[in-house]
Amino acid sequence: MNDMELVMTTRTRFAPSPTGFLHIGGARTALFCYLFARHTGGTYILRVEDTDRERSTHEAVAVILQGLEWLGLKPDEGPFFQSDATDLHRQTALQLVAAGKAYRCSCTREELDAMREEQRLRQEKPRYDGRCRERTDPPSDDRPYVIRLKTPRDGEVVWDDMIQGRIRVSNGELDDLILLRSDGSPTYNLAVVVDDHHMGITHVIRGEDHVSNTPRQIHIFEALGWTPPAYAHMPLLHGTDGAKLSKRHGAVSVLQYRDNGYLPEAVNNYLVRLGWSHGDQEIFTMVEMVALFDVHHVGRSAAIFNVSKLDWINGQHIRSAAPEVLLPELIAHLERQGIAHPDPALVRALLPTVRERAKTMVEMADKSRFYFQAPQTYDDKAVRKHLRPEILDPFAALVAALTALSAWDATALEAAFKSVIADHDLKMGQLAQPVRVAITGSDVSPSIFDVLAILGRDAALARLNACLDFFRGRCVSEGQG
RNA sequence: GUCCCGUUCGUCUAGUGGCCUAGGACAUCGGCCUUUCACGCCGGCAACACGGGUUCGAUUCCCGUACGGGACGCCA
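Heads up: the first sequence runs through residues -18 to 462, numbered per this note's numbering.
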């Protein structure tokens, strides 16, 4: 790789703060970073923003990593930890002081609170008034101080956001933000700028809640003589109430979606369509997303999370997924539903009968359970509707016919059914439904011929005979009543 | 309160001045298919926030209003 190519290579970063799980909004940001990097042949980096030592935990880091891995959004580089670069951050702040671009401020929290209170009263935007900025008295070391950036007082900051378009903010709206806390630790805005620069980040893709930080960060870049990256601020994801999705507000871990039976590709597919589109296309594989994604075509308005569309997309992906993908998933969900060690051969055989009927893997497992467990009881409503006295004879005749059957496959089974309904002048449903009740306990199942074939002769006949006994008993007691 | 951003069917969106009596998808409603349930197919309902401009012509451009969101921390 020559220098030119190095310069042209894009580098994006996903920068979560490890204060909790990875929720769907964060996952969407990660996805867009990933897609942008992949589409442009660049690098996607994970950087953990743990400058807030109070709230950051190792557990959260692990869970975020797990979530990204499940989604297939594993970083090309990292995870890097912002806290590892604390010395660099501190030195950079000091360097700014030495260059006269930052200064010590020894205002106390009480002073700052009072200042903000007054401003609020005057209906002004609360901000630091810069009273320590031009102080001539030498700062004393015994009084705690922070380092603040000398934000330009005049002019404005302008940048061409890849999503939002040109945004301009007057410097008069900004204040002298804190770079280093009184305990010497760097703040978020400083750390982000220093890290983005040193990691060679070319494109910052993040949530719209960061637009107000952007002018501050650009000022830090400029004070340092560095070139800011390109910015793309994504519209936020909202809950059903229209407010921003957050950990304490309606959002759940992405891993919850795995547990609820969603396929990672489907979740990504749903997420990418929130704000981005490619004509009328709704279903995308990961490969298609990478090939077609264009950050310039991301919309600017917030989207509301809607589960029913996710369900539909998940169903689409279930139907097109390779059996090899579905098999372990289905086995896992069956086990979660109390089926111990489901036979893989059986699962593989039944998979085609249930995959068209399920929107989630949980639903698929639920619809597959009867293959493993004979009905303990028969659904009342189904019994009343389908196990009618006039069907007892045909039902018994069918059981006899099936018992005598030499070949046990869907074709032979169907032929046996047809012969019985012809003999008794019935419609298929009148015979098929009672059999469903016998086999599954309910009147809903995949094609009953397929079900019987997959279940196997012994299990099927056992269930049919058990039901026949029940059926007879029911007719006798009804006759007496 | 101040600043920034947004506003097309219930929801996700297409649309970059005439192709729009505004297209697609989910949801919903009706029908078909059918051994049930799904899938699939066919069809219905349903939107350019409002008011001013600019223009021969605005969903598309400009201004204002309303509404919504975001940000205003020694959090990130």
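Note that the Cβ used here is the ideal one computed from N, Cα and C, for glycine as well.
Would you say residue i and residue j are within 8 Å of each other, going by their C-beta atoms?
{"i": "Leu54", "j": "Ala11", "result": "yes"}
{"i": "Leu16", "j": "Gly48", "result": "no"}
{"i": "Arg300", "j": "Arg336", "result": "yes"}
{"i": "Gly59", "j": "Leu27", "result": "yes"}
{"i": "Ile199", "j": "Val138", "result": "yes"}
{"i": "Ala382", "j": "Ser400", "result": "yes"}
{"i": "Trp257", "j": "Phe274", "result": "yes"}
{"i": "Trp389", "j": "Ala339", "result": "no"}
{"i": "Leu161", "j": "Val127", "result": "yes"}
{"i": "Pro167", "j": "Arg71", "result": "yes"}
{"i": "Phe351", "j": "Ser426", "result": "yes"}
{"i": "Ile264", "j": "Gln297", "result": "yes"}
{"i": "Asp94", "j": "Phe62", "result": "no"}
{"i": "Gly242", "j": "Glu344", "result": "yes"}
{"i": "Asn295", "j": "Leu244", "result": "yes"}
{"i": "Pro333", "j": "Thr421", "result": "no"}
{"i": "Thr358", "j": "Ile285", "result": "no"}
{"i": "Ile182", "j": "Arg417", "result": "no"}
{"i": "His184", "j": "Thr(-10)", "result": "no"}
{"i": "Val276", "j": "Met143", "result": "yes"}
{"i": "Ile5", "j": "Leu226", "result": "yes"}
Taking the continuous alpha helix (DSSP H) assigned at residue i, which residues delimit it?
{"i": "Ala434", "result": "Ile429 to Leu436"}
{"i": "Cys113", "result": "Looking at the DSSP string, Cys113 is not in any alpha helix (DSSP H), and its letter there is neither H nor E."}
{"i": "Phe398", "result": "Ala391 to His405"}
{"i": "Phe376", "result": "Pro370 to Thr384"}
{"i": "Ile294", "result": "Val288 to Ser301"}
{"i": "His278", "result": "First-last for His278: undefined, no H or E at that position."}
{"i": "Glu30", "result": "No alpha helix (DSSP H) holds Glu30; DSSP gives it neither H nor E."}
{"i": "Asp49", "result": "Reading off the sequence shown, one finds Leu at residue 49, where the question assumed Asp. His39 to Leu52 is the extent of the alpha helix (DSSP H) around Leu49."}
{"i": "Leu412", "result": "Met409 to Thr421"}
{"i": "Pro60", "result": "Segment Glu58 to Phe62 is the beta strand (DSSP E) holding Pro60; no alpha helix (DSSP H) there."}
{"i": "Trp349", "result": "Correcting the residue identity first, residue 349 is Ser in this sequence and not Trp. Met342 to Ser349 is the span of the alpha helix (DSSP H), which, as asked, contains Ser349."}
{"i": "Leu161", "result": "No alpha helix (DSSP H) contains Leu161, which is instead part of the beta strand (DSSP E) from Ile159 to Leu161."}
{"i": "Val175", "result": "Tyr169 to His179"}
{"i": "Ile320", "result": "Ile320 -> no alpha helix (DSSP H), and no H or E assigned at all."}
What are the boundary residues of the beta strand (DSSP E) that residue i is part of?
{"i": "Met215", "result": "Ala211 to Met215"}
{"i": "Trp140", "result": "Glu137 to Asp142"}
{"i": "Glu263", "result": "Glu263 -> no beta strand (DSSP E), and no H or E assigned at all."}
{"i": "Tyr84", "result": "Ala83 to Cys86"}
{"i": "Ile468", "result": "Lying before the first or after the last residue shown, residue 468 is absent from the chain, which here runs from -18 to 462."}
{"i": "Pro304", "result": "Segment Pro304 to Arg317 is the alpha helix (DSSP H) holding Pro304; no beta strand (DSSP E) there."}
{"i": "Leu77", "result": "Segment Thr67 to Ala79 is the alpha helix (DSSP H) holding Leu77; no beta strand (DSSP E) there."}
To the nearest angstrom, report how far apart residue i and residue j are at their CA atoms.
{"i": "Glu(-14)", "j": "Pro209", "result": "Note that Glu(-14) scores 43 on pLDDT, short of 50, meaning its location in the model is unreliable; the coordinates nonetheless yield the value given after this. Cα to Cα, the separation comes out at about 19 Å."}
{"i": "Glu92", "j": "Glu99", "result": "11 Å"}
{"i": "Ser289", "j": "Arg101", "result": "43 Å"}
{"i": "Glu246", "j": "Trp51", "result": "10 Å"}
{"i": "Ala302", "j": "Lys106", "result": "53 Å"}
{"i": "Ala224", "j": "Arg369", "result": "54 Å"}
{"i": "Asp446", "j": "Pro415", "result": "The identity of residue 446 in the sequence shown is Asn, whereas the question assumes Asp. Their Cα atoms are separated by approximately 12 Å."}
{"i": "Ser387", "j": "Ala397", "result": "11 Å"}
{"i": "Ser(-2)", "j": "His39", "result": "11 Å"}
{"i": "Met409", "j": "Ile402", "result": "7 Å"}
{"i": "Trp207", "j": "Leu69", "result": "15 Å"}
{"i": "Gly146", "j": "Gly81", "result": "33 Å"}
Which term fits residue i, buried or exposed, when burial requires 16 or more other beta carbons within 10 angstroms of its beta carbon?
{"i": "Asp(-16)", "result": "Reliability fails at Asp(-16), whose pLDDT of 42 lies under 50, so the model's placement of it is uncertain and no value is given."}
{"i": "Arg116", "result": "exposed"}
{"i": "Met(-18)", "result": "Low per-residue confidence applies at Met(-18): pLDDT is 39, beneath 50, and the placement is therefore not dependable, though the value from the model is reported in the following sentence. Flag for Met(-18) reads exposed."}
{"i": "Asp404", "result": "exposed"}
{"i": "Pro309", "result": "exposed"}
{"i": "Ser234", "result": "buried"}
{"i": "Asp473", "result": "Coverage of the chain is limited to positions -18 through 462, which leaves residue 473 absent and any answer about it impossible."}
{"i": "Ala326", "result": "exposed"}
{"i": "Ser193", "result": "exposed"}
{"i": "Val268", "result": "exposed"}
{"i": "His463", "result": "Given that the chain is displayed from residue -18 to residue 462, the structure contains no residue 463 and the question cannot be resolved."}
{"i": "Ser282", "result": "exposed"}
{"i": "Arg90", "result": "exposed"}
{"i": "His219", "result": "buried"}
{"i": "Thr21", "result": "buried"}
{"i": "His179", "result": "exposed"}
Count Cβ pairs between the stretch 213 to 221 and the stretch 83 to 95 that sit closer than 8 Å; are there 3 or more? no
Count the CB pairs spanning the stretch 129 to 137 and the stretch 175 to 185 that are closer than 8 Å, and state whether there are at least three. no
Contact between the stretch 354 to 371 and the stretch 451 to 458: three or more CB pairs below 8 Å? yes
Looking at C-beta atoms only, is the number of pairs between the stretch 102 to 116 and the stretch 142 to 162 that lie closer than 8 Å three or more? yes
Does the stretch 64 to 84 touch the stretch 38 to 48, meaning 3 or more C-beta pairs lie closer than 8 Å? no
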